[in-house]
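Asks: Have a look at this one.
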Ligand code: ATP
Ligand code: MG
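Residue numbers (the working numbering): 241 to 806.
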């Protein structure tokens, strides 16, 4: 299978792909090896999808390999649940690491051995300063740092202390191993960065074997080198770490010399993509779970009904650049609509039902009508829907006192019911509170199929369902989780949209819709409910009470949705 067939996208061009092409042309590498290196401390989000599509996409396009490597060096934050969800999400997005699944923790022995080498060559030392002291003596962008009083320990003393750190003799935070580089460097990352810290914590894979864990900077580049990664692609915030990445590769007898390249991370309007924030949203109960359809997580998008092809289309459209920017969330919505418009079958559903009685339709009678499954795809065929005396229409489609230009149903007006007949409203029934609870209408039997033989026209076509041939369902409508285009990660709780979830409990759906989508469907079957949007069955569904998520509305009504006004 070619890449285009596998993912539905052709290879785009960007500066990283140009570098890869040049390295292959010059025979610098016979084969390209990339990696996607998530830390298993949360679920993947749409920003990760950009990195996944880039790393796996390059491997596919240039006949190389892409490794999935868990950067599992901080056992206090990492969990098996996250390891499992990450694998699931990468697969769901349509990418495959084949045999190339790795864990930084597999290299703990090797990394430790190399750290001892740095100690022996005088390139690393054990520092007894506290975390705060280390932070305070590191200096700032304008001021140099200050040497630790423990910086000039002898190699023997360093080696002894480092081995005892490993043996678990010291408490958390009592000491660290630091690279001995330059406390006056203009690059703060080179001011004796921490290589190992003491952490008495159970690790999901190595259990209680280790009392010290390597830092990201130390583990990452060496893991790349062990795996023979040719192009280590990461986001821009690591640009200033590259000199350290290269310093370590130079000092150690690593089996290969990967190069690090940086690209701009994805930022989206109305969205926060920091794992810390996403974790707090879940733990603080602001959303129901990591896969809450309001979350920008891959699992959230899947549950909401967003197809993986839409996410791939989106990340292809935004491209890969060297400068940070914020992408309008409407671009993501555009990709979702593009894909769903082509793939989603059409169905009828009434979200906020209003009862209609067709007075001249005989009681107990019903008839089947043909409905089209996809207007642009005849091969999708037709299905039967049932017409009867008691129907539901959308509350919004009726007004007792219509303003100008309201062409839908009002007393005295005639409209078309999709696939069925013309109906005319004669009377309204109200409850004690004065609310309209039922409409009394008549239909014209001569208009079957939706056209009048005398050529008379109506200005509106409305969706509807038969009361006794439809099923009650719960429908969940999602609005943006944040009220502001660039929510403040430091104070996000204040900017949460109180109307991000709207639950409609009395919606009506076609009976066949209720059975759609097995709860474990890899790609949920998303349907378009005509005039309403795209909807996917939620795993909370029961046979008695199906639940549907609105994936997205039909049109771009973003600004309205944010404020909850329509
Ligand atoms: P945090 O949000 O806590 O900084 P992270 O999102 O960087 O964490 P990692 O597990 O380290 O989490 O990310 C794995 C890979 O995904 C990294 O290579 C990282 O650069 C990339 N990545 C993370 N966020 C984005 C983003 N918004 N856009 C593009 N790539 C991203
Ligand atoms: Mg990170």
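C-beta atoms are modelled at their ideal positions from N, C-alpha and C, and glycine is treated no differently.
Considering only residues of the region 632-672, which uninterrupted beta strand (DSSP E) runs meet the minimum length of 3 residues and lie entirely inside it, listed in chain order?
Replies: Whole beta strand (DSSP E) segments, 3+ residues: 654-657, 662-670.
Asks: How about residue 287: is its Cβ closer than 8 Å to a heavy atom in the ligand ATP?
Replies: Here residue 287 corresponds to residue number 47 of the chain shown, with the count starting at 1. Yes, Cβ of residue 287 sits closer than 8 Å to a heavy atom of the ligand ATP.
Asks: By the DSSP assignment, the beta strand (DSSP E) with residue 360 in it spans what residues?
Replies: Counting from 1 along the chain shown, the entry for residue 360 is found at position 120. Premise fails: residue 360 lies in the alpha helix (DSSP H), 348-360, not in any beta strand (DSSP E).
Asks: When you compare the region 641-656 with the region 709-727, are there three or more beta-carbon pairs, one atom per stretch, that lie closer than 8 Å?
Replies: no
Asks: Let me check one thing: in DSSP terms, what residues is residue 716 bridge-paired to?
Replies: Translated into positions along the chain shown, residue 716 becomes position 476. In the DSSP output, where bridge partners are listed per residue, residue 716 has 743, 789.
Asks: Runs of 3 residues minimum, wholly inside the region 556-595: which ones carry the beta strand (DSSP E) assignment?
Replies: Taken in chain order, the whole beta strand (DSSP E) runs of length 3 or more contained in the region 556-595 are 565-567, 585-587.
Asks: Tell me whether residue 478 counts as near the ligand ATP, meaning its Cβ is closer than 8 Å to at least one heavy atom of that ligand.
Replies: Position 238 of the chain shown, counting from 1, holds the residue named residue 478. Yes - the ligand ATP has a heavy atom lying nearer than 8 Å to the Cβ of residue 478.
Asks: If you run the structure through DSSP and keep just helix, strand and coil, what is residue 454?
Replies: Taking the first residue of the chain shown as position 1, residue 454 is located at position 214. Residue state, collapsed to three classes: strand.
Asks: Given a cut-off of 9 Å, decide if residue 473 and residue 500 are closer than it, judged by their beta-carbon atoms.
Replies: Reading the chain shown from its first residue, position 260 is the one you call residue 500. Reading the chain shown from its first residue, position 233 is the one you call residue 473. A contact, by the Cβ cut-off of 9 Å.
Asks: Using a Cβ-based criterion (distance less than 8 Å to any ligand heavy atom), does residue 556 qualify as near the ligand ATP?
Replies: On the chain shown, position 316 is the one that residue 556 refers to. No; taking the cut-off as 8 Å, the Cβ of residue 556 has no heavy atom of the ligand ATP nearer than that.
Asks: So what does DSSP say about residue 253, is it helix, strand or coil?
Replies: Position 13 of the chain shown, counting from 1, holds the residue named residue 253. In this structure, residue 253 counts as coil in the three-state DSSP scheme.
Asks: I think residue 681 touches residue 597, with their Cβ atoms under 8 Å apart; what is that distance to the nearest whole Å?
Replies: The count along the chain shown starts at 1 and reaches residue 681 at position 441. The count along the chain shown starts at 1 and reaches residue 597 at position 357. Yes, residue 681 and residue 597 are in contact; Cβ-Cβ is about 7 Å, under 8 Å.
Asks: Is it the case that the region 421-431 contacts the region 266-285, given that we only count it when at least three CB pairs across the two stretches are under 8 Å?
Replies: no
Asks: From the DSSP output, in three-state form, read off residue 390 for me.
Replies: Position 150 of the chain shown, counted from the start, is the residue given in the question as residue 390. Here residue 390 sits in coil by DSSP.
Asks: Please report how far the alpha carbon of residue 543 lies from the alpha carbon of residue 660, in whole angstroms.
Replies: Within the chain shown, the letter at position 303 stands for residue 543. Within the chain shown, the letter at position 420 stands for residue 660. Using only the alpha carbons, I get a separation of about 34 Å.
Asks: Using alpha carbons as the reference points, say which of 298, 779, 565 lies closest to residue 469.
Replies: Here residue 469 refers to the residue found at position 229 when the chain shown is read from its first residue. Looking at the Cα atoms, 298 is the closest of the given residues.
Asks: Secondary structure at residue 704, three-state DSSP: helix, strand or coil?
Replies: Residue 704 sits at position 464 when you count from the first residue of the chain shown. Note: residue 704 maps to strand in three-state DSSP.
Asks: Would the C-beta of residue 311 count as close to the ligand ATP, meaning under 8 Å from any of its heavy atoms?
Replies: Residue 311 sits at position 71 when you count from the first residue of the chain shown. Flag set: Cβ of residue 311 near the ligand ATP.
Asks: Does the distance from the C-beta atom of residue 495 to that of residue 452 stay below 9 Å?
Replies: Taking the chain shown and counting its residues from 1, the one referred to as residue 495 is at position 255. Taking the chain shown and counting its residues from 1, the one referred to as residue 452 is at position 212. Their beta carbons are not under 9 Å apart, which means residue 495 does not touch residue 452 by this criterion.
Asks: Run the proximity test for residue 389: is its beta-carbon closer than 8 Å to any non-hydrogen atom belonging to the ligand ATP?
Replies: Here the question's residue 389 lines up with position 149 in the chain shown. Answer for residue 389: no, Cβ out of range of the ligand ATP.
Asks: Would a C-beta distance cut-off of 9 Å place residue 777 and residue 703 closer than the cut-off?
Replies: In the chain shown, counting from the first residue as 1, residue 777 sits at position 537. In the chain shown, counting from the first residue as 1, residue 703 sits at position 463. The answer is no: Cβ separation not under 9 Å.
Asks: With respect to 8 Å, is the separation between the Cβ of residue 496 and the closest non-hydrogen atom of the ligand ATP below this value?
Replies: Stepping through the chain shown from its first residue, residue 496 is reached at position 256. No, Cβ of residue 496 sits at least 8 Å from all heavy atoms of the ligand ATP.
Asks: Let me know if residue 671 comes out buried or exposed under the rule of 16 or more other beta-carbons within 10 Å of its beta-carbon.
Replies: Position 431 of the chain shown, counting from 1, holds the residue named residue 671. It is exposed - the Cβ of residue 671 has fewer than 16 other Cβ atoms within 10 Å.
Asks: Along the chain, where does the alpha helix (DSSP H) containing residue 288 start, and where does it finish?
Replies: Reading the chain shown from its first residue, position 48 is the one you call residue 288. Unbroken alpha helix (DSSP H) run through residue 288: 286-301.
Asks: Could you tell me which residues DSSP puts in a beta bridge with residue 749?
Replies: Here residue 749 corresponds to residue number 509 of the chain shown, with the count starting at 1. For residue 749, which the question treats as bridged, DSSP gives the partners 589, 711.
Asks: Just to confirm my understanding: we take residue 382, look at its own chain, exclude 5 residues before and 5 after, and list those with CB closer than 8 Å. What are they?
Replies: Position 142 of the chain shown, counting from 1, holds the residue named residue 382. Hits under 8 Å: none found.
Asks: Any heavy atom of the ligand ATP closer than 8 Å to the beta-carbon of residue 516?
Replies: Position 276 of the chain shown, counting from 1, holds the residue named residue 516. Within the cutoff, so yes.
Asks: Tell me the DSSP secondary structure of residue 380 in three-state form.
Replies: Reading the chain shown from its first residue, position 140 is the one you call residue 380. In the structure shown, residue 380 adopts coil according to DSSP, grouped into three states.
Asks: Between which two residues does the beta strand (DSSP E) harbouring residue 861 extend?
Replies: Within the shown structure, residues of the chain are numbered from 241 to 806, placing residue 861 beyond reach of any answer.
Asks: Do residue 371 and residue 388 have their beta-carbon atoms positioned less than 9 Å apart in this structure?
Replies: Numbered from its first residue, the chain shown carries residue 388 at position 148. Numbered from its first residue, the chain shown carries residue 371 at position 131. Not in contact: residue 388 and residue 371 (Cβ atoms no closer than 9 Å).
Asks: Quick one: what does DSSP say residue 541 is sitting in, helix, strand or coil?
Replies: Here residue 541 is taken as the residue at index 301 of the chain shown, counted from 1. Helix at residue 541.
Asks: What three-state label does DSSP hand residue 335 in the structure shown?
Replies: Counting from one through the chain shown, the residue named residue 335 turns up at place 95. Correct three-state label for residue 335: coil.
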